[in-house]
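K.L.:
Chains as they are written, first to last, in this note's numbering: chain A, 198 to 758; chain B, 5 to 218; chain C, 1492 to 1838.
(1) Apply the 10 Å Cβ neighbour rule to residue 245 of chain B and answer buried if 16 or more other Cβ atoms are within range, or exposed otherwise.
(2) Look at residue 1693 of chain C and residue 1501 of chain C and say whether their C-beta atoms are less than 8 Å apart.
(3) Are the C-beta of residue 174 of chain B and some C-beta of chain C separated by less than 8 Å?
(4) Rounding to the nearest angstrom, what Cα-Cα distance links residue 189 of chain B and residue 465 of chain A in this structure?
(5) Using the three-state DSSP reduction, which class does residue 684 of chain A fall into: helix, strand or coil?
(6) Among the residues of its own chain, which have a CB less than 8 Å from the CB of residue 107 of chain B, if the five just before and after it don't count?
(7) Measuring only between beta-carbons, confirm whether residue 1784 of chain C sits less than 8 Å from chain B.
(8) Using C-beta distances below 7 Å, list every residue in its chain close to residue 1782 of chain C, excluding the 5 sequence neighbours before and after it, in chain order.
(9) Suppose the cutoff is 8 Å on Cβ atoms and the five residues either side in sequence are ignored; what does the same chain contact list for residue 310 of chain A look like?
(10) Nearest chain C C-beta to residue 526 of chain A closer than 8 Å, yes or no?
(11) Report the rounded CA-to-CA distance for residue 561 of chain A versus residue 539 of chain A, giving the unit in angstroms.
(12) Put residue 52 of chain B into one of helix, strand or coil per three-state DSSP.
(13) In terms of residue numbering, what span does the alpha helix (DSSP H) encompassing residue 1601 of chain C cover?
(14) Kindly say whether residue 33 of chain B, judged by its beta-carbon, lies nearer than 8 Å to any beta-carbon of chain A.
(15) Where residue 1726 of chain C and residue 1807 of chain C are concerned, what is the direct C-alpha to C-alpha distance, given to the nearest angstrom?
(16) Since residue 358 of chain A and residue 278 of chain A are thought to touch, with beta carbons under 8 Å apart, how far apart are those beta carbons, to the nearest angstrom?
(17) Label residue 1674 of chain C either buried or exposed according to how many other C-beta atoms from any shown protein chain fall within 10 Å of its C-beta, with 16 as the threshold for buried.
(18) What does the Cβ neighbour count give for residue 1591 of chain C, buried or exposed, with the cut at 16 atoms within 10 Å?
(19) Look at the alpha carbon of residue 1606 of chain C and the alpha carbon of residue 1620 of chain C, and state the distance between them as a whole number of angstroms.
(20) From residue 12 of chain B to residue 186 of chain B, what distance separates their C-alpha atoms?
(21) Please classify residue 18 of chain B as buried or exposed, where buried requires at least 16 neighbouring CB atoms within 10 angstroms.
(22) Identify, in the order they occur along the chain, each residue of the same chain with its Cβ nearer than 6 Å to the Cβ of residue 521 of chain A, setting aside the five sequence neighbours on each side.
(23) Are the CB atoms of residue 718 of chain A and residue 383 of chain A nearer to each other than 8 Å?
(24) Which residues does DSSP list as the beta-bridge partners of residue 188 of chain B?
(25) Any Cβ of chain B within less than 8 Å of the Cβ of residue 1629 of chain C?
(26) Cβ closer than 7 Å: which chain A residues qualify as neighbours of residue 146 of chain B?
(27) Going along the segment 1745-1779 of chain C in order, which residues come within less than 9 Å of chain B, judged by CB to CB distance?
(28) Going by Cα to Cα distance, which pick from A:594, A:602, A:564, A:375 is closest to residue 626 of chain A?
(29) Buried or exposed: where does residue 449 of chain A fall if 16 or more other Cβ atoms within 10 Å of its Cβ makes it buried?
(30) Are the segment 503-521 of chain A and the segment 1514-1530 of chain C in contact at 8 Å, needing three or more beta carbon pairs?
(31) Return the residues of the segment 46-70 of chain B that lie within a Cβ-Cβ distance of less than 9 Å from chain A, sorted by chain order.
(32) With a 10 Å radius around its C-beta and 16 neighbouring C-beta atoms as the bar for buried, classify residue 1542 of chain C as buried or exposed.
(33) In its own chain, which residues sit with a C-beta less than 7 Å from the C-beta of residue 650 of chain A, not counting the 5 before and 5 after it?
(34) Can you tell me which of the three DSSP states residue 298 of chain A falls into?
(35) Does the CB of residue 1787 of chain C have a neighbour CB from chain B at under 8 Å?
(36) Quick check: the Cα distance between residue 1557 of chain C and residue 293 of chain A, rounded to an integer number of angstroms?
Here it is as C-alpha cells:
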C-alpha cells in the first residue's frame, strides 16, 4: 500500500490550477466534467425543489406564475442539456473508454479538452441568461411561443444550447474514432466491454442528432432576433416543423442518457455476480438497435398535433419496436444473476435499483406509445412521471451505480459502503414516492406545467413533494461520504471488487498514460471462469510488474515508440 | 516543431494510426455537417412543397449569372485545394504555398460576390425578417428569403472558417511544416473544403435554378 | 367510490370507457411483467448470493433460443397493444358524419367557443348529451391544446391550422376543460368547464342565451349573447363580412369575375396554376382568404390582396362558413372553380 502512495499517477503527476485547466489527459478531463456537472445537478435540483414546493398547494401561493414557469424551464434546460447529456459519457465514458480498450488516451485529446471548454462556455451563457432574465418557454421552446410571444430572453439560452451541442458532438466524434482506431491489439469488436458498446451507440446518436437540434435552436434564435419567420405561422411558417426538428434530436437524446447507463449496468451486474454477462451479443446488438430505431420514433411526441393519421401509425409501431431491445437487456441482466455468486456492495444496490425503476419507466412507455391512450395522457403528469423514471430512475441511478463502481479506480480510495447503501435506499424510496403519484395524477387529468391546479389533485402532489424531500436528502448524502473518502477512505488497490476488465488490471488511480506498454488482449470479456489465469497487472514497465503466484508471464505489449 | 519526424503524439502507436484516426475523424465530422445543413434543407423541402409558386417566384429575384460564376469559382478552388494536398505529398513546398494562396483567393472571390449579392438584396428590401419591406405578396416571399439567407449564410460561415484555417496552414507550410511524412492537416482540410464546395453545388440549383423556366 | 375518484377522471363519453379498458389491460399486463422480473431478480440474487469470498458464478454464455423467445413474445404483446391503441385512435380521428359542429378558438389565455347557431361562450362549452360533437379548432396566437379528461380527448390547437376532434358525452354534468400545451404565463389559468345538458335543454340554451347560471368566464359569454340579442350564426356574420370587405366585386355569382366563383366550391376539387389539384376543405378556404398567393387557382391572375392580419380567426371562420354555405348557381350545375374558369375562358 505504501508503494502505491508513492507511485506517480494521473492525479499527483502535476499540481496547480493550470495543470488542470490545460490538461489533455482524458482522466483529468473526466474529473473536470464531474465537478461541472455536479454543480449543474444541484442547480437543477434546486429548481425542481422550487417547483415541488410550489405545488404543495393548488393556489400557487409561493411565487408568481412567471417565476414558476421560469423555474421549471430552468430545471428542464439545466438537467437535460447541462447535466444528463454529458453525465455518464463525459465523466465515466471519458475516464474509462480509453482504458477499457487498452488505449493511452482518446484519439483527439486536445479536442476533448476543447469540448469541456465549449461546454463551460455554453452552459455559462445558458445559465447566465436564464438566471439573469429568466426563460419561460419550457425546455422544449415550442414555436411560435418562443419565437414571438415569450416576453423573456430566448436568444441567449438558445445560443447556450447551440454552443453546448458542439461539446456533445466533439465527445461523440472522439469516442467513435477512438473505438474504431485505438483498440489494443487483440481487442476485437466482440471483445469490447458492453460499456464501450453502449458508448459507441451513444456517440452515434450524438453525432447524428446533435447537429439538428443545434441548427434548430439557431433558427429559433434567428427567428426571434431577426424575425426570419421560419416557424412563424403569420409568415406562412409551420410551428409543427419546429417540433419535428426538435424531437428528431430530443427523442434520441433520451438514448444519449439511458444507453450509457445501460452500459454501466452491463458492467456492474457481472462484476457482482462473478459471472459472464448473459447473452453478450444480444446486449451489444440491442444498444445499436436502440440507437438506430430511436431515430425513427420522434413523432410519438406529436400524436396530438396536426400530423397525419398514417404518420402517427408508423411512429407508434416503431415506438413499440424500440421497446424490444430494452426488454431484452432487462431480461438478460436478470438472467445474469442466475447461478451467479451475487454480492451486494453499494454499486450493485444502485444497479438493482436501476433495473426496478427503468422497468417501470419502460413499461409506462407502452401506455404512451398506444395511440388512443396517448391522446388522453399526453402532456399530463403521466408523461412527467414516465420520463423521470427513465431519466432520473434510469440514467441517474445508472450514473450513481457507475460512479460508485469506478470511484475506487478514479480516486484510489474506498468510500463507506454502508453510507452508500443507505443513500441508494433513500434515493430509491424517495424517487418512487415522488414520481409514482404523478402517474395517477396524470391519468386523472392533471396537465403538466400547471402552476395552479384543481384541488382534487392536491393529495397526490403533497405525496410527491414529500417524496422529493427524501430524494433530495438521498442525493446529498453521496456528496458527503464520497468527499470524505478522498481523505479518509482506505486505499482501494487495483481491483477492489475482483472485477474483470482492463481497467482493473492497472493502478488505482491510473498512471498518467494508463499503460506504459499497450497491452495485448487475449481474452473474452467477462470471462470470470478463466480470470485466475490472467495477469492481475498489465501494460506496466517491467520493473513494476509483479505476477500473481505461479502465473505465466503477462502478454508483452507493443513496444512504445 | 519543424522536424517532420516527431509529430507522433504519445497515445498513438504509429504514424499510420495517427493519420487514419485524423482522417476518419474528419469524415465523422462531415457527417455531422450533413445533418447540420440537413435540417435547413428539410425546412426548404417542406416549404417548397407547400408553396411551389412562392419559391419559383423567389428564385427570379436571385442573380443566376452571379450564382453560376460563384459555382465555377468554388469548383476551381476545389481543384487548387486538391493540388495543394498533392504538393504536400510530393514535397513541392513552393507549389503547396502557391495552391493554398490560390484556394484562399478563390474563396475570398466567392465571398466577395456573395457580399455583393447580399448588399443588393438588402437594398431591394429582400433581407428577411424585420428588415423585409418588399411589397408584393410579402408574407410568403419572406419565407423563401429566410431560407435563402439561412442556407447561404451558414455556407458562408463555413467558408470563412475554412479560409481562416487555410491561413494558419499556409503560415505553417511556409515554415516547411508539411512534407511527405506529415501532411495530415492539409489532407483533412482538403476534405473539409471539398465538402463546403459540395454544399454549394446543392444550394445553387435548389435556390437559383429550380422553378426558373423562362 | 374513493378509488375510482382517485384513479380515474369521470367517464363521461363513449370514448372514455374504451380508453380506460386499454389502460386497465396495460396495468395488469405491465404489473405482471414487472413483478415477474423483480421477483426473479430478487430470488436469483438471494438464492445465488455469494457465500464464500472466492466463489465465482456458473460458466454460462447465454441461451440463444431462450433470448429469441423473450424477444419474440414481447414483440407479439406490443404489436397487440399497438393495434388496440391504433383502433381507438382511428375512431377518434374520424368524426361521424352526423356530428354537430362547434368552433373553438384558443387565445392567450382563454377558450372562445362558437356554436353553429351563433351562440358564443368563453371558457365554457355547453353540449347536449348523446349527440356526437365535432370541434374544429384553431389558435389566434400560440399552440394550445384542448383537453377534457372526462372525455379522454385531447387535440392541439395550432395557429394556422384547423384541427378537429370529436366526442359524444354520455353523462350529464360539469367537467374540467384544460389547456394542455404550455402557452405562457397564465397557462394554468386557461381552464374552463364543459357542461353536458339534455338535448332539449341545450336547444333552449342555444336560443335563449342565458339558460344556465354560469360563473366567471361564462358570465362574459352570457353578457355578450344578451347584448347582441339573438346571436347571428357564423355564416350570417360571414355574409356581412363578405360584403364589408367587398369580396363580391371579384367573386361574382355569375361567370366573368376577376376571381373564381365560389358557389358550390366547398368539398370540390380545384385545379391550381401549378397543375396540382387540391380539395377545397376548410383549411384550403381559410388559406385562400389569408394568403391567396399560396395556392393560385388555374386561370386566375394573382391579384387578390392578403387578408392575413386583418381578420381574426373567428371572422375568418365566419367567412369560411359563409363560403361553404354558398350553393352552386342554378344552371352552372355542380360548378367548381375549375368549371367557372372554363366558362369564363382563360384570362
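Backbone N, C-alpha and C define an ideal beta-carbon position, used for all residues, glycine too.
P.N.:
Walking through what the data contain:
(1) With chain B covering 5 to 218 only, the question about residue 245 of chain B has no answer from this structure.
(2) no
(3) no
(4) 41 Å
(5) helix
(6) 81, 84, 85, 88, 170, 197
(7) yes
(8) 1797, 1799
(9) 219, 220, 221, 226
(10) no
(11) 29 Å
(12) helix
(13) That residue, residue 1601 of chain C, is in no alpha helix (DSSP H); its beta strand (DSSP E) goes 1601-1606.
(14) yes
(15) 11 Å
(16) 5 Å
(17) buried
(18) buried
(19) 15 Å
(20) 9 Å
(21) exposed
(22) none
(23) yes
(24) Answer by DSSP bridge pairing: none, since residue 188 of chain B is not bridged.
(25) no
(26) 426, 432
(27) 1763, 1764, 1765, 1767
(28) A:594
(29) buried
(30) no
(31) 46, 47, 50, 51, 54, 55, 58
(32) exposed
(33) 255, 643
(34) coil
(35) yes
(36) 32 Å
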